[in-house]
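Mapping the sequence shown onto the UniProt record's numbering, position 65 (from 1) lands on 65, and the numbers just tick up by one. Here the structure comes first, spelled out in structure tokens, and everything after it is commentary.
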Amino acid sequence: MSAPSDTPKPLEGRPARKGGVPGRDRAKSSRRRAREFALQGLYEWQINARDPGAIDAHVREQDDFAKCDRAHYDALLHGCIEQRVQLDATLLKFLDRPVEELSPVEHAVLWVGAYELTHCLEVPYKVAINEAVELAKTFGGTDGHKYVNGVLDHLAPDLRPEEVKAARSGSR
Numbered sequence: 001m002s003a004p005s006d007t008p009k010p011l012e013g014r015p016a017r018k019g020g021v022p023g024r025d026r027a028k029s030s031r032r033r034a035r036e037f038a039l040q041g042l043y044e045w046q047i048n049a050r051d052p053g054a055i056d057a058h059v060r061e062q063d064d065f066a067k068c069d070r071a072h073y074d075a076l077l078h079g080c081i082e083q084r085v086q087l088d089a090t091l092l093k094f095l096d097r098p099v100e101e102l103s104p105v106e107h108a109v110l111w112v113g114a115y116e117l118t119h120c121l122e123v124p125y126k127v128a129i130n131e132a133v134e135l136a137k138t139f140g141g142t143d144g145h146k147y148v149n150g151v152l153d154h155l156a157p158d159l160r161p162e163e164v165k166a167a168r169s170g171s172r
């Protein structure tokens with residue numbers, strides 16, 4: 001019997017939804033894979049508080065890592081860890097509970113979404129929110145995606161006022 005590892009197992013998503021075949025790997029963009037791997041690293045970092053470099057090395061060993069957008073992964077993982085205090089402060093006014101009470105998965109997903117809204121201006125705000133919601137659906141609790149959607153939807157006008165205003169006025 002081997003000793004338990006301090007390293008949590010990589011987050012595993014739920015089977016495909018809406019008539020999809022469980023276990024079948026649906027085509028994913030390299031950006032989506034980058035977000036998933038960054039989420040895994042952020043989750044591990046929150047649980048173990050290990051050195052980000054060691055976590056990065058561990059994540060890079062995962063199957064299919066070569067298929068992800070490594071530059072986006074690096075920006076998300078390291079950016080979220082380095083700017084966690086600022087990201088939490090940005091999110092705080094839209095949370096209904098203290099940051100410490102968020103599940104580690106929801107917290108990491110909110111970091112990814114807030115980081116993309118703040119720093120990845122080439123990603124449309126609706127895409128950043130939708131991708132965070134998809135992460136929460138795949139890896140989070142039952143209704144975590146609704147919470148993530150609500151928080152990021154309220155945060156977006158603060159971070160990207162012109163883009164949100166243009167999108168919302170054009171959809172009427």
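Quick reminder that beta carbons are idealized off the backbone N, C-alpha and C, glycines included.
| Item | Value |
| --- | --- |
| For E106, which option in V151, D56, A89 and S30 has the closest C-alpha, if you only look at C-alpha atoms? | V151 |
| Closer than 6 Å by C-beta to L91: which residues in its own chain qualify, once you throw out the five before and the five after it? Chain order, please. | L110 and A114 |
| Going by alpha carbons, who is nearest to D143 out of L102, P124, Q83 and T118? | L102 |
| Locate the alpha helix (DSSP H) running through P157, then write down its first and last residues. | G144 to L159 |
| DSSP on P124, reduced to helix/strand/coil? | coil |
| Suppose only complete runs of 4+ residues qualify. What are the alpha helix (DSSP H) ranges in the UniProt domain "NusB/RsmB/TIM44" (32–156), listed by chain order? | 52–60, 70–82, 84–92, 104–119 and 125–139 |
| Please work out which residues of its chain come closer than 8 Å, Cβ to Cβ, to E82, disregarding the five sequence neighbours upstream and downstream, and give them in chain order. | none |
| Measuring alpha carbon to alpha carbon, tell me which of L87, A38 and G79 ends up nearest D69. | A38 |
| Check this for me: beta carbons of Y43 and A108, under 8 Å apart or not? | yes |
| Return the CA-CA distance between L95 and Y147, expressed in angstroms with no decimal places. | 9 Å |
| Take V133 and list the residues in its own chain whose beta-carbon comes closer than 6 Å to its own, dropping the five residues that flank it on each side. | H145, V148 and N149 |
| H78 and P98: beta carbons closer than 8 Å? | no |
| Quick check: R35 and L76, are their CB atoms within less than 8 Å of each other? | yes |
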